[in-house]
Amino acid sequence: MSFRSPKPALSRSPHRQMMAIEPGDNDKLKELEGLLTLDGTKFRYFTGVSRPELVCPDSYVLDQYYLDLPGRKAAQVALLLDYRTNPPQYPVGKPG
Numbered sequence: 002m003s004f005r006s007p008k009p010a011l012s013r014s015p016h017r018q019m020m021a022i023e024p025g026d027n028d029k030l031k032e033l034e035g036l037l038t039l040d041g042t043k044f045r046y047f048t049g050v051s052r053p054e055l056v057c058p059d060s061y062v063l064d065q066y067y068l069d070l071p072g073r074k075a076a077q078v079a080l081l082l083d084y085r086t087n088p089p090q091y092p093v094g095k096p097g
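Here the numbering used here is used: the first residue of the sequence shown is 2, the next is one more, and so on.
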């Protein structure tokens with residue numbers, strides 16, 4: 002089974018790109034929402050898996066069921082947009 006990212010532009014460096022998205026950037030927000038579709042959920046389950054036939058479909062279908070409940074995608078997008086505030090809180094360099 003071969004699976005491709007629903008939005009290749011975000012999949013190359015998702016963390017850095019998420020940090021650059023502004024809350025009012027509707028095009029980028031649509032890309033983020035694309036990661037929360039069934040295709041995006043499958044992408045997360047199958048990326049880097051050497052034996053995709055061992056991935057139980059129940060797992061990603063159940064995850065998607067809960068993502069599709071009212072208000073869940075908006076909450077996930079809000080968390081993804083808030084990610085940019087996290088890295089600056091960590092010290093640079095070696096601890097101690």
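Note that beta-carbon positions come from the ideal geometry of N, C-alpha and C, so glycine has one too. Here the structure is a predicted model, which is why all the values come from computation and not from measurement.
Are there 16 or more other CB atoms within 10 angstroms of the CB of G41, so buried, or fewer, so exposed?
So G41 counts as buried.
Mapping the DSSP letters down to three states, classify I22 as helix, strand or coil.
Coil at I22, not helix or strand.
What is the DSSP secondary structure of G41, counted as helix, strand or coil?
If DSSP states are grouped into helix, strand and coil, G41 belongs with the helices.
Take every Cβ of the stretch 72-85, pair it with every Cβ of the stretch 19-30, and state whether three or more of those distances are shorter than 8 angstroms.
Touching, per the Cβ criterion.
Just the Cα atoms here: how many angstroms apart are T48 and L70?
When rounded, the distance between both Cα atoms is 25 angstroms.
Report buried or exposed for L80, applying the criterion of at least 16 other Cβ atoms within 10 angstroms of its Cβ.
Its Cβ having fewer than 16 others within 10 Å, L80 is exposed.
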